[in-house]
Amino acid sequence: RKEVEQDPGPFNVPEGATVAFNCTYSNSASQSFFWYRQDCRKEPKLLMSVYSSGNEDGRFTAQLNRASQYISLLIRDSKLSDSATYLCVVNSPRMDSSYKLIFGSGTRLLVRP
Amino acid sequence: GAVVSQHPSRVICKSGTSVKIECRSLDFQATTMFWYRQFPKKSLMLMATSNEGSKATYEQGVEKDKFLINHASLTLSTLTVTSAHPEDSSFYICSARDVRAGDLTGELFFGEGSRLTVL
Chain A
95 RKEVEQDPGP FNVPEGATVA FNCTYSNSAS QSFFWYRQDC RKEPKLLMSV YSSGNEDGRF
155 TAQLNRASQY ISLLIRDSKL SDSATYLCVV NSPRMDSSYK LIFGSGTRLL VRP
Chain B
17 GAVVSQHPSR VICKSGTSVK IECRSLDFQA TTMFWYRQFP KKSLMLMATS NEGSKATYEQ
77 GVEKDKFLIN HASLTLSTLT VTSAHPEDSS FYICSARDVR AGDLTGELFF GEGSRLTVL
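The structure is reproduced here in structure tokens:
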């Protein structure tokens with residue numbers, strides 16, 4: 095089983111739609127969680143951190159369910175510029191007590207006019 | 017926001033040659049930098065953690081002698097792909113976290129990536 099799993103998509107939605115991405119992680123001791131955005135052939139950029147209480151940043155809402163080891167990202171009122179790959183990232187402990195960021199393979203979003 | 021600069025962005029080389037990629041944090045210091053490799057439509061795979069002033073920590077399955085890492089200062093890490101072969105062709109990305117930020121919550125800033133093509 096992969097440490098971080100995401101539906102690869104692509105999700106093809108019209109402008110203005112609401113779309114949700116899910117992500118599951120296998121290590122229950124994981125401590126912090128993030129969504130990164132990666133445009134084609136570019137480097138990833140932090141979209142938002144994910145907190146247990148859930149957090150919102152404009153049109154983006156992230157949720158964390160530790161019991162189910164599940165993270166979600168909701169995008170409302172999709173824009174053409176939201177087209178990208180969304181990476182679920184989990185900070186997981188190693189054997190030596192350090193932490194390592196594990197990246198999901200990403201969910202591709204295509205927003206059409 | 018913080019900037020990490022990676023150079024070169026694109027390199028084409030012949031099989032058997034060595035290629036050096038540089039990663040610089042431009043406006044912050046980083047005692048630790050990370051090197052990733054990404055294949056098309058795949059996730060970023062951590063290759064190694066570069067530690068300023070000491071040896072890099074390599075992930076399982078990554079050859080230390082193949083991928084030489086040097087972290088000579090708080091703002092510069094280099095990755096050298098030695099005796100490159102076509103299977104080493106990939107997108108290599110570095111990242112760094114401000115030394116003042118926490119390991120758990122500090123944002124990771126990525127370089128622009130280097131696309132290596134080995135002929």
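First to last, the protein sequences are chains A and B. In this text, residue positions in the first sequence follow this note's numbering: the first is 95, and each later residue adds one. In this text, residue positions in the second sequence follow this note's numbering: the first is 17, and each later residue adds one. Built from N, CA and C at the ideal position, the CB exists for glycine as well. Please read all numbers here as calculations on a predicted model, not as lab measurements.
From the options, residue whose alpha carbon lies closest to that of residue i
i: V183/A; options: L60/B, T65/B, I85/B; result: L60/B
i: S191/A; options: W129/A, L174/A, S124/A; result: S124/A
i: R170/A; options: T201/A, V205/A, S147/A, K96/A; result: V205/A
i: E68/B; options: H101/B, D114/B, S93/B, E75/B; result: S93/B
i: E128/B; options: Q132/A, N149/A, L141/A, S177/A; result: Q132/A
i: L135/B; options: G32/B, Y108/B, D114/B; result: G32/B
i: S175/A; options: L181/A, C134/A, Y145/A, G148/A; result: C134/A
Interface flag, residue i vs chain B, CB-CB below 8 Å
i: E99/A; result: no
i: P138/A; result: yes
i: S186/A; result: no
i: S177/A; result: no
i: G148/A; result: no
i: K173/A; result: no
i: S122/A; result: no
i: G214/A; result: Limits of chain A in this structure are 95 at one end and 207 at the other, which puts residue 214/A out of reach.
i: C204/A; result: Residue identity differs from the one stated: residue 204/A is Leu in this sequence, not Cys. It does not; no Cβ of chain B falls within 8 Å.
Beta-carbon separation (whole angstroms), residue i vs residue j, contact threshold 8 Å
i: A112/B; j: S41/B; result: 5 Å
i: A46/B; j: L90/B; result: 6 Å
i: A64/B; j: I85/B; result: 5 Å
Neighbour-count burial assignment, residue i, 16 or more Cβ in a 10 Å radius
i: P207/A; result: exposed
i: Y164/A; result: exposed
Minimum Cβ-Cβ distance from residue i to chain A less than 8 Å
i: E128/B; result: yes
i: I109/B; result: yes
i: E123/B; result: yes
i: L62/B; result: yes
CB contact check: residue i to chain E, cutoff 8 Å
i: K58/B; result: Among the chains of the structure shown, chain E does not appear; the protein chains present are A and B.
TODO: Mind checking the region 64-84 of chain B against chain A and listing, in chain order, the residues whose C-beta falls within less than 9 Å of any C-beta there?
DONE: T65, T73, E75
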